[in-house]
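Visitor: Below is a structure I'd like to ask you about.
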Amino acid sequence: MKQRDVYVDVAKGICMLLIICIHTEVFGVIGMRFTFIAVPMFFFMSGFYDRSEKPMKEWLPRIIQRLIRPAVIWLIIGNLFMKLLGYIKTGVVEPYSFDCYNPQNGNSPVWFLIALLYAKIITGCMVRSKLPEYVLLVCSLVIGYIGATYQMPLLIDEGMAALPIYYIGKLVFPHIGILMKKWAGNIIGICVFVVFMTTHYYYNVGPGEGLYYPYYLLAVMGAIMVFIPILTFSEILGNVKPLLALGERTLEVMLIHTLICHVIAVLLNRLFVVGSGMWISLFLVGYVVIVFLSYYISVFLKKYIPALF
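Under the numbering used here, the first residue of the sequence shown is numbered 13, with each subsequent residue one higher.
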């Protein structure tokens with residue numbers, strides 16, 4: 013069995029902590045610009061292990077099983093859970109409605125799996141064209157720009173917007189160790205991150221969600237450069253067990269944590285004034301609880317009900 017890339021798992025653990033920040037209400041109040049890189053970096057790291065060169069009969073059923081099956085299962089679980097939570101809050105069961113532009117409303121991280129499926133399928137089609145890699149890179153950037161500009165149903169836009177980040181991850185992974193050792197790349201990445209924190213730069217995966225200032229290509233390049241020091245830092249951290257454990261279970265934790273976030277929000281929003289000092293303090297404690305519960309529930313479910321994933 014091939015040995016896992018430890019630094020990638022650590023980086024996934026860091027990104028997972030940032031993803032949980034995004035869905036924990038307190039960070040929307042105290043600020044969470046530092047979380048911007050988490051979702052694009054997950055797409056980037058997913059590209060590391062792209063296997064679209066394999067025969068279609070081996071490759072396509074595998075990605076459908078690994079992405080569509082858990083997406084459908086947790087879409088159902090998420091919607092049922094939110095209906096129950098809504099009933100507890102209001103005593104009324106709201107009728108189910110399907111929004112083709114927001115089909116993951118019961119469990120928001122499901123969109124990542126669906127968008128990743130699109131990115132993988134488009135990459136597979138591009139690879140099978142046998143065109144040079146530089147041509148495919150240009151194609152991925154054009155598709156990504158379209159996805160980032162125009163809203164489409166069934167999360168097609170998110171999948172297209174994520175494509176260039178995913179495909180670049182696939183291209184650079186054989187050389188990522190060299191890039192991580194270059195001090196210039198790390199310094200540039202840190203500088204781009206600092207610029208982002210001053211609100212002069214933004215990048216995210218999704219239509220209309222990125223200012224892409226000053227230009228789309230520079231925005232993509234800037235995001236890639238920020239990934240380098242994060243991976244370098246992850247390699248320095250080495251075997252930090254909590255991050256490593258979290259990184260090895262990112263799929264499970266990603267699907268579980270939002271449901272716990274909703275429960276914590278319902279409790280604290282009822283008991284305290286939103287934005288008050290007590291609310292913020294308890295929500296920060298709640299964030300730690302969300303991380304621990306998400307991880308240990310995922311361990312339990314993966315062991316006893318593995319079909320959920």
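Here a beta-carbon is modelled for each residue, glycine too, at the ideal position from N, C-alpha and C. For clarity, every value in this text was computed on a predicted model and none was experimentally measured.
Quick check on DSSP: helix, strand or coil for R282?
Guide: Looking at R282 - three-state DSSP - the assignment turns out to be helix.
Visitor: Quick test of your reading: L305 and Y19, contact by CB under 8 Å. State the CB separation rounded to the nearest angstrom.
Guide: L305 to Y19, Cβ: 27 Å. No contact.
Visitor: Note down the Cα distance separating A319 from K194, rounded to an integer number of angstroms.
Guide: Using only the alpha carbons, I get a separation of about 43 Å.
Visitor: Helix, strand or coil: which one does DSSP assign to Q77?
Guide: Helix at Q77.
Visitor: What span of residues does the alpha helix (DSSP H) with C203 cover, start to end?
Guide: 195 to 209 is the span of the alpha helix (DSSP H), which, as asked, contains C203.
Visitor: Quick check on P254: does DSSP put it in helix, strand or coil?
Guide: If DSSP states are grouped into helix, strand and coil, P254 belongs with the helices.
Visitor: Could you say which of S310, V275, Y179 lies nearest to R63 if we only look at CA atoms?
Guide: Nearest C-alpha to R63: Y179.
Visitor: Identify which residue in F124, L255, M44 has its Cα closest to the Cα of T210.
Guide: The shortest Cα separation from T210 among F124, L255, M44 belongs to M44.
Visitor: Of the residues R74, V122, N91, W71, which one's Cα is nearest the Cα of A83?
Guide: Of the candidates R74, V122, N91, W71, the one whose C-alpha sits nearest the C-alpha of A83 is V122.
Visitor: For S310, which residues in the same chain have their Cβ closer than 7 Å to its Cβ, ignoring the five residues on either side in sequence?
Guide: Excluding residues within five positions, the ones whose Cβ falls inside 7 Å are R261, E264, V265, I268.
Visitor: Report yes if the C-beta distance between L255 and L249 is below 8 Å; otherwise report no.
Guide: Yes.
Visitor: Buried or exposed: H35, going by 16 or more other Cβ atoms within 10 Å of its Cβ?
Guide: H35 is buried by the Cβ-count criterion.
Visitor: Give me the Cα-Cα distance between N216 and L296, rounded to the nearest whole angstrom.
Guide: Computed Cα separation, rounded: 25 Å.
Visitor: Would you kindly work out how many angstroms separate the C-alpha atoms of F124 and L167, rounded to a whole number?
Guide: Distance between the alpha carbons of F124 and L167 is about 9 Å.
Visitor: Please return the same chain residues whose Cβ sits closer than 6 Å to the Cβ of S120, not counting the five positions on each side in sequence.
Guide: Result list for S120: T270, in chain order.
Visitor: Just to check my reading of the structure: A127 and G171 have Cβ atoms closer than 8 Å, yes? What is that Cβ distance to the nearest angstrom?
Guide: With a Cβ gap of about 4 Å, A127 and G171 count as contacting.
Visitor: Skipping 5 residues on each side, what residues in its chain have a beta carbon closer than 6 Å to that of D169?
Guide: Hits under 6 Å: G159, Q163, P219.
Visitor: Looking at the structure shown, is T161 part of a helix, part of a strand, or coil, going by DSSP?
Guide: It is helical.
Visitor: Can you tell me where the alpha helix (DSSP H) with T135 in it begins and where it stops?
Guide: T135 -> alpha helix (DSSP H) spans 122 to 140.
Visitor: Alpha helix (DSSP H) containing F54: first to last residue?
Guide: It spans 50 to 60 - the alpha helix (DSSP H) in which F54 sits, taken as one unbroken run.
Visitor: Quick one: Cα of K132 to Cα of I177, how far?
Guide: Computed Cα separation, rounded: 11 Å.
Visitor: With DSSP collapsed to three states, give me the class of R45.
Guide: Helix at R45.
Visitor: Which whole-angstrom value is the C-beta distance of L129 and I75, which I expect to be below 8 Å?
Guide: Confirmed, Cβ separation roughly 6 Å.
Visitor: Taking Y61 as the reference, give the member of I188, I200, F205, P115 with the closest Cα.
Guide: Nearest of I188, I200, F205, P115 to Y61, Cα basis: I188.
Visitor: Hey, out of V38, V41, M53, whose CA is closest to I26's CA?
Guide: The residue with the shortest Cα to Cα distance from I26 is M53.
Visitor: Who are the Cβ neighbours of M192 in its own chain at under 7 Å, not counting the five residues just before and after it?
Guide: Contacts found: I240, L243, T244, E247.
Visitor: Going by alpha carbons, who is nearest to C203 out of D21, F321, Y299, V238?
Guide: Of the listed residues, the one whose Cα sits closest to C203 is V238.
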